[in-house]
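Number of protein chains: 2
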Amino acid sequence: MAENRVTGQEGRRVVSAGIRRALSAGDMVPGQRLVEQELSDTFHATRSSVREALQDLAAEGLVELVPRRGARVRVVSVEEAIQITECRATLEGLCARRAAELATPEERAELRAIGARMREAVAEGDLDGYSALNRQLHDFVARVSGQQVAQGLLERLNGQMVRFQFRLAMRPGRPSRSLPQHLAIIEAVDAADPDAAEAAARAHLDSVILELRATPPPTAG
Amino acid sequence: MAENRVTGQEGRRVVSAGIRRALSAGDMVPGQRLVEQELSDTFHATRSSVREALQDLAAEGLVELVPRRGARVRVVSVEEAIQITECRATLEGLCARRAAELATPEERAELRAIGARMREAVAEGDLDGYSALNRQLHDFVARVSGQQVAQGLLERLNGQMVRFQFRLAMRPGRPSRSLPQHLAIIEAVDAADPDAAEAAARAHLDSVILELRATPPPTAG
DNA sequence: TCCAACGAAATTGTTGACAATATCTCTGAC
DNA sequence: GTCAGAGATATTGTCAACAATTTCGTTGGA
Chain A
1 MAENRVTGQE GRRVVSAGIR RALSAGDMVP GQRLVEQELS DTFHATRSSV
51 REALQDLAAE GLVELVPRRG ARVRVVSVEE AIQITECRAT LEGLCARRAA
101 ELATPEERAE LRAIGARMRE AVAEGDLDGY SALNRQLHDF VARVSGQQVA
151 QGLLERLNGQ MVRFQFRLAM RPGRPSRSLP QHLAIIEAVD AADPDAAEAA
201 ARAHLDSVIL ELRATPPPTA G
Chain B
1 MAENRVTGQE GRRVVSAGIR RALSAGDMVP GQRLVEQELS DTFHATRSSV
51 REALQDLAAE GLVELVPRRG ARVRVVSVEE AIQITECRAT LEGLCARRAA
101 ELATPEERAE LRAIGARMRE AVAEGDLDGY SALNRQLHDF VARVSGQQVA
151 QGLLERLNGQ MVRFQFRLAM RPGRPSRSLP QHLAIIEAVD AADPDAAEAA
201 ARAHLDSVIL ELRATPPPTA G
C-alpha cells in the first residue's frame, strides 16, 4: 500500500472512529493499554492525531488517561453500569414522554412498523436483527422527542455500555423478556399517553438493571 | 513580576480554571472570541496549554470550537436552557429519590440545617447567601444519593447554565418562590419518602422552566 | 458610494525534535 | 531463589518554528 498517512483534522476523526469501532467489536478490551505509537502505526496517523483522538475518547468516558502513563480502555464496573442505566431510565423516560406528546402521525406509524419488525425478529430468533431494531427504537424515540440535550447525554452513556449491552443481548431468553417492554413503549407513545410512555421506558430499563445485577463480573479478556 | 510562566500539565489546569472563573463572573460573554495568543498572555501559559484547555472546555460544552476559526464562548439559547433543565429535573429527581432511601441520620440532620439556613437567608434578603446554599443543597443531595454518574452529568449541565442561573436568581421574588420548593425536597428526603422526594425535585425544576420561559433573551454583552 | 480584488496581518494547525518520566531487563549480592 | 539497584529502552510530554488559512484593510474601478 502506498504511504496514505492520514493527517491532522482527519487523522483525529479516523483514529477516534477506529478505536470506537474496535471497542464495539471487542478487539480492544477494558484495561488494555493504548500506546500512541502503536495506534499511529495501525491507523497511519501522526502521533498528534492519536493524542487528540485519545483526549476526545477520554472526554466521552471511553478511555482513561493517566498522566505520564498513557491511555487505557476504561473499565466500567457492574456497579457503574447500573448507575448509568439508572440515568438512562430517567432520561429515556423523559424522551418517551415527550415523544408521546409530539409524535406526528407518520412517526407513530414508523414506530408501529419498528414494533412489527421486532416481533418478527424475535419470532425468527434473529438476535442481530433484534439488536439493531432495539437501537433503532431508542434512537427514534429520542429523536422524535425533540430533546437534543437528553439525546446527547444518552449517546454518551450508551457508548460506555457497549460491552455490557453485548453481554446482555446474549443472555438466553432476554429477547422474549424485553420484547413486550419495547412494545409497551411503542403502544404508549402511539396512544399519545405521556405518563404511560414514561413509565414503560422506565420499566424497561429497570428490568435491564435487574439483568445487570444478575450478571457475573465481565471476564477480563 | 518575574517570569512565572505556567507550563504543560499545570498550565492546562490554570487556563481552563481561569476561563471557567471568567465565565461565571461574566467577564467573558457568550459568543466572545477566545484567541489563543491572548489567553496565553493573560494566563502566562504556553499556547499548547491554552489549546488543550480549550479542548477540555469544548468537551464540557462551555466553548465552541470551529476548525480554523478558533474558539468562542458557546451561546446557550433559552430553548436549550429549558432542555437542560428538563434533563436536570429527571436526574435530580433520581438523586432525591435515592437520597431519601439512603441518607444517614447525620446526613438528614445536615439537610435540615441547610434548610434552616435557607430560611434565614431569605428572611434577611441575603441573595448571595441563599444562592450559595442553593448550590450546596443540590450538591449535597447528589452526593448523598451515591449516584456518581448522575452527579457527573448534573455538574456538566450546571456548568452550561451559569449565565441563566445568575439571571434567574436576580429576578424579583424568586427566592420566596423557590424556598418552599427547596424545603419540600428537604422534608421529603428527611422523611425517607422517595416518591415525594423525586416529585419535589421535579416540581422545583419545573418551576425553573417556567421562569426560563418568562425570561427575555439574554442581552449579548 | 458601493463592490470586488488584492495584499498584509493575524490566527490557527501541524510537525518533528527534544526532554522528562516510566517501565523493563539484567546483574549481583544475600 | 529472591530482591535491590543500575542501566537501557520504551513511552509520554513539551515546545518552538513553520505552514496553511482566515480575516481585515486598502485600493481601484464602476
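Chains A and B, in that order, are what the protein sequence lines are. Here the UniProt record's numbering is used: the first residue of the first sequence is 1, the next is one more, and so on. Here the UniProt record's numbering is used: the first residue of the second sequence is 1, the next is one more, and so on. The beta-carbon is built from N, C-alpha and C at its ideal position, and this holds for glycine as well.
- Under the three-state reduction of DSSP, Leu62/A is assigned to coil, being neither helix nor strand.
- Neighbours of Glu86/B across chain A, judged by C-beta separation under 9 Å: Leu94, Arg98, Gln147, Val149, Ala150.
- The criterion of a C-beta distance shorter than 9 Å is satisfied by Ala89/B and Leu94/A.
- Bounds of the alpha helix (DSSP H) holding Ala100/A are 78 to 102.
- Legend: CB atoms of the UniProt domain "HTH gntR-type" (9 to 76) of chain A lying less than 7 Å from CB atoms of chain B belong to residues Gln9, Gln55, Ala59, Pro67.
- Collapsing the DSSP output to three states places Val29/B in coil.
- Contact of Thr215/B with chain A is not assigned, every C-beta pair being separated by 9 Å or more.
- At a cut-off of 9 Å, the C-beta of Ala103/B has no neighbouring C-beta in chain A.
- Closest in alpha carbon position to Ala214/B, among Leu183/B, Arg174/B, Gly129/B, Ala199/B, is Arg174/B.
- Contact between the stretch 161 to 174 of chain A and the stretch 99 to 118 of chain A is absent, with fewer than three C-beta pairs closer than 8 Å.
- Around Ala22/A, the same chain offers Met28 as residues with beta carbons nearer than 6 Å, after the five sequence neighbours per side are excluded.
- Contact between the stretch 184 to 203 of chain A and the stretch 134 to 141 of chain A is established, with three or more Cβ pairs separated by less than 8 Å.
- One thing to note: Ala45/B has its Cβ no nearer than 9 Å to the Cβ of Val73/B.
- The C-beta distance from Glu64/B to Ala71/B rounds to 7 Å, short enough to meet the 8 Å contact threshold.
- Flagged as an interface residue toward chain A: Gln83/B, by a C-beta distance shorter than 9 Å.
- Comparing alpha carbon positions, the residue from Leu179/B, Ser176/B, Glu92/B, Pro172/B closest to Arg202/B is Glu92/B.
- Listed in chain order, the non-local C-beta contacts of Leu57/B below 7 Å within the same chain comprise Ser16, Ile19, Val63, local neighbours out to five positions each way being set aside.
- Assignment of Ala45/B by DSSP, reduced to helix, strand and coil, places it in the strand class.
- Note that the C-beta distance between Arg112/A and Asp41/A is not below 9 Å.
- Spatial neighbours of Ser145/A in its own chain (CB-CB distance under 6 Å, excluding positions within 5 residues in sequence) are listed in chain order as Cys95, Arg98, Ala99.
- For Ala89/A, the nearest CB of chain B lies under 9 Å from its own CB, placing it at the interface with that chain.
- Within the stretch 171 to 186 of chain A, not one residue has a Cβ closer than 8 Å to any Cβ of chain B.
- Fully enclosed alpha helix (DSSP H) runs of no fewer than 4 residues occupy 162 to 169, 174 to 190 of the stretch 149 to 211 of chain A, in order along the chain.
- Comparing alpha carbon positions, the residue from Gln181/B, Leu212/B, Glu211/B closest to Ala199/B is Gln181/B.
- With respect to the 9 Å criterion, Leu34/B and Met118/B are not classified as neighbours on the basis of their beta carbons.
- Below the 9 Å Cβ cutoff, chain B contributes Gln148, Val149 as neighbours of Glu80/A, in chain order.
- By the neighbour-count criterion, in which 16 or more other beta carbons inside 10 Å mark a residue as buried, Glu38/B falls on the exposed side.
- The residue from Val75/B, Glu101/B, Ser24/B, Tyr130/B with its alpha-carbon nearest to that of Gly31/B is Val75/B.
- As computed with DSSP, Ala71/B is found in a beta bridge with Leu34/B, Leu65/B.
- Taking a Cβ-Cβ cut-off of 9 Å, Leu168/A has no neighbours in chain B, whose nearest Cβ is about 18 Å from it.
- Interface criterion met: the Cβ of Leu153/A is under 9 Å from a Cβ in chain B.
- Residue contact with chain A for Leu157/B: present (Cβ-Cβ distance below 9 Å to some residue of chain A).
- Distance from Val162/B to Ser77/B at the Cβ level is roughly 15 Å; contact not present, criterion being Cβ atoms closer than 8 Å.
- Boundaries of the alpha helix (DSSP H) harbouring Gln136/B: 127 to 145, taken from the DSSP string.
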